[in-house]
Structures are given as structure tokens and as C-alpha cells.
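Numbering (our numbering), first residue to last: -11 to 283.
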């Protein structure tokens, strides 16, 4: 009887272990489903938040790489770590809708074709998470950026994109942003010695109407953006300065301006996806010196 009890316990243990192992499996589609359930906003059918590059949504996930942009470098690093689900904020194929309509050679473009082949050869699932992460209350990208800068206590209660910081100069703040966000090349349209307290933060690329709207506010002295058209906001601020107005512009570059928001996304994702490793994989600053691989 004792031997039978031991034998039965062993079977139960093995069955439990097998069940636990089975429960650890999760597909890309199941991860996406959990994100939709937990993001806290209604899911829209008209969205760019879809799979890119032809990946199979039923793929069993071995690891998740959360990134600002699924660059070639990010994809290679993910594969090296056995991460086959890539969650990216920005496009994978150089177009907001990830189409090849703007490429003269279309799908035959060599850079596009090699990148897509890499995704297919390594059975990757690249899923974009842009619209709904921004729709989240508060905006997931802005939340991560504000935390990275340590500006929570300076944030306006009514408008989360406005801040009142301790008095500093444009030059000093530019250096602070460069160091905290890991930016290689800062672009500043300003008198570097101009003192300021009140600013607007606009990560990514929101467009001239939004940027000009912030600069039109009488109390806003500085606008910080990710990227902007030079013949629009850049020259608008340059003209404002030439007219003697107390205005300034700092251009961070798109990736570093939003990247902390995807670090925030990885942290959030870990709270409800526990079956596989989840890692934040930062995209490199494209304006930092790059080195081509030896061939």
C-alpha cells in the first residue's frame, strides 16, 4: 500500500509538472488579446496596431522584445535572445501603414525585402502597439518619458503636456535632456542663455498645428519635440526669436523622445504576461555613429 501511495504521488507530481509546463505556453495572438483586455480603452478596428511582415499569430512565443522601433538591429538582438514576438511602437517598414507604396521598387526594394525575409526566416511575429498605447489614460508614452526625466512633480494638473520646472537656461536643460535620454545630437533653436520655467513637452511627431498651438500660449517659453519639419516649427521659432519673443525650441529626435514610453510598456506587460520572458530592447539612436558589419 505504501509503495502504491508513493507511486501514485509520483504520477500526480509528474502530471502536475506537465500541466504547469503546458500552462506556460502562450501564442502571439493570446499575448495580443491580453494587451487589448488590459490597456483600458476601447479597441478600434481602424488602427495600425496589427501584425507586420506576415507573422503567424498562432506562433508559440518563446520571449517578447518590447521596443520603440523594430529596426534591423533590434530584430537581430531579439533573435539572439530567442525572443520571437516583437512589440514595436513605430513602423517596421518605413511607412506609417507599413506599406511599400512610397518605395519606387515596392516589395522588390532590397532593404525592405531583406528585412522581411529576416522576419520570415526566423519565424518572428512583429506587432505594432502605437494607437492604443497613446490612447491609454494617461498616455503610456508620455508616462514613461515623464518618469525618465523625473518630472512628475512639475507636471500640470490640467494638461499633462505642460510643465513648470525650477528656473534654468535652455542650454542647461538641453544638456540634462541629452544625458537623461541618451541622445547623441541635440538641435536647439534658441538663445542658450535664455532663462525659463514654463515649457511644453511633445514627444514623437505631433505636427505643426499642435506645436504652434503650444507656442502660442503666452506663458510657454520652450517647446520640446521629438521631430518636426524644419520649414515649419523650426523657422516659426526662429522668427519669433528675431521678433524679440521669449520662445525656444529643443528637437530631441523621434526615437529617444518616446523610447522611455516603451520601457514603461515592457514593465506594464510583465504584470499580466508571465509565461515567457519580457524584455525592453531599446532602439539605437540613428544619429549616433553607426558601423556596418563586415561582409
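Every residue gets a Cβ at the ideal spot worked out from N, C-alpha and C, and that includes glycine.
Classify residue i as buried or exposed, calling it buried when 16 or more other Cβ atoms lie within 10 Å of its own Cβ.
i, result
"residue 207", "exposed"
"residue 55", "buried"
"residue 93", "exposed"
"residue 277", "exposed"
"residue 116", "buried"
"residue 242", "buried"
"residue 108", "exposed"
"residue 43", "buried"
"residue 96", "exposed"
Might you give, ordered along the chain, the residues of its own chain that have their beta carbon closer than 8 Å to the beta carbon of residue i, omitting 5 neighbours on each side?
i, result
"residue 149", "130, 188, 189, 190 and 202"
"residue 81", "40, 41, 87, 88, 100, 103 and 104"
"residue 22", "260 and 261"
"residue 225", "177, 178, 203, 211, 235, 236 and 237"
In whole angstroms, what is the alpha-carbon distance linking residue i and residue j?
i, j, result
"residue 262", "residue 282", "38 Å"
"residue 232", "residue 210", "14 Å"
"residue 34", "residue 119", "10 Å"
"residue 212", "residue 127", "17 Å"
"residue 9", "residue 87", "Residue confidence is low: residue 9 scores 48 on pLDDT, short of 50, so the model does not pin down where it sits. No coordinate-derived value is stated."
"residue 31", "residue 256", "18 Å"
"residue 264", "residue 73", "10 Å"
"residue 167", "residue 244", "11 Å"
"residue 266", "residue 61", "18 Å"
"residue 157", "residue 181", "5 Å"
"residue 246", "residue 192", "6 Å"
"residue 272", "residue 53", "14 Å"
"residue 132", "residue 151", "15 Å"
"residue 254", "residue 230", "44 Å"
"residue 183", "residue 280", "42 Å"
"residue 26", "residue 19", "11 Å"
Can you tell me whether DSSP reads residue i as helix, strand or coil?
i, result
"residue 188", "strand"
"residue 124", "coil"
"residue 22", "helix"
"residue 171", "coil"
"residue 31", "coil"
"residue 219", "helix"
"residue 104", "helix"
"residue 281", "coil"
"residue 180", "coil"
"residue 115", "strand"
"residue 275", "coil"
"residue 240", "coil"
"residue 161", "helix"
"residue 9", "For residue 9, the pLDDT reaches just 48, beneath the cut-off of 50, and the residue's location in the model is therefore unreliable, although a value from the coordinates is still provided. Of the three classes helix, strand and coil, the one that applies to residue 9 here is helix, per DSSP."
"residue 248", "helix"
"residue 298", "Residue coverage of the chain in this structure runs from -11 to 283, which leaves residue 298 outside it and unanswerable."
"residue 231", "coil"
Just checking my contact of residue i with residue j at CB under 8 Å: how many whole Å lie between their CB atoms?
i, j, result
"residue 312", "residue 204", "In the structure as shown, the chain begins at -11 and stops at 283. Residue 312 is therefore absent and cannot be evaluated."
"residue 185", "residue 153", "6 Å"
"residue 58", "residue 38", "Not a contact, Cβ separation roughly 13 Å."
"residue 248", "residue 136", "4 Å"
Output needed for residue i: all residues of its chain with C-beta closer than 7 Å, excluding positions within five of it in sequence on either side, in chain order.
i, result
"residue 222", "177, 216 and 237"
"residue 48", "13 and 15"
"residue 134", "140 and 143"
"residue 268", "54, 250, 251 and 254"
"residue 17", "45 and 46"
"residue 66", "53, 74 and 269"
"residue 175", "239"
Excluding five sequence neighbours on each side, which residues of the same chain lie with their C-beta closer than 6 Å to the C-beta of residue i?
i, result
"residue 228", "235"
"residue 0", "In this predicted model, residue 0 has a pLDDT of only 48, less than 50, meaning its place in the structure is not dependable; the value taken from the coordinates is given anyway. So no residue of the chain qualifies."
"residue 220", "196"
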